[in-house]
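Taking it in order: structure first as structure tokens, then the write-up.
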Amino acid sequence: MPDLIDRELERCRRDGEAVALARIREGPRAGARLLVWPGGQALGDLGEPRLNQRVALYAEGLLVRGGTERKLFEVPGGEIAVETAVYRPEDAAGSARRDAPEDAAEAG
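Mapping of the sequence shown onto our numbering: residues 24 to 131, in sequence order.
Right, here's the structure in full:
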């Protein structure tokens, strides 16, 4: 069953809204996701409020550039690898930019 982030991502793609999906790729919180819209509105939780803020700011910049990027963020006790993928309206027609991790739907 799709979770709220999956449903919102699908709705954004269907409605032509730009959105970025950030996902922790490694570590104890691997699979945690944060969906970010232009303007900084976010849905989800990466496990630390400050990390959520920093990743949301980073994702806003990536929404302008497009694509998928992996970035290390420092957190207490080390670093966390976060992969962020952009979904934009122009990508939805025909050749959707599916730069997001292929397993995006399986993390909950």
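Note that beta-carbon positions come from the ideal geometry of N, C-alpha and C, so glycine has one too.
Tell me which residues share the same chain as V98 and place their Cβ nearer than 7 Å to its Cβ, disregarding the 5 neighbours each side in the sequence.
E71 and L74.
By the DSSP assignment, the alpha helix (DSSP H) with L27 in it spans what residues?
Residues L27 to D38.
From this set, A55, V78, E49 and L85, which residue's C-alpha is nearest R111's C-alpha?
Per the Cα distances, L85.
Apart from the five residues just before and just after E102, which ones in its own chain have a Cβ nearer than 7 Å to its Cβ?
Residues L95 and F96 of the same chain have their beta carbon placed closer than 7 Å to that of E102, with the five preceding and five following residues left out of the count.
When you compare the CB positions of A45 and A82, do they come within less than 8 Å of one another, or not?
At a Cβ-Cβ threshold of 8 Å, A45 and A82 count as neighbours.
Contact set for R56: own chain, Cβ-Cβ below 7 Å, skip 5 residues either direction:
Contacts found: I28, L44, A45, R46, G67 and A130.
Would you kindly report the start and end of the unbroken alpha helix (DSSP H) that includes R88?
Looking at the DSSP string, the run of the alpha helix (DSSP H) that includes R88 is P72 to R88.
Apart from the five residues just before and just after A79, which ones in its own chain have a Cβ nearer than 6 Å to its Cβ?
If we look at A79 and ignore the five residues flanking it on each side, its Cβ neighbours are V59, G63 and A65.
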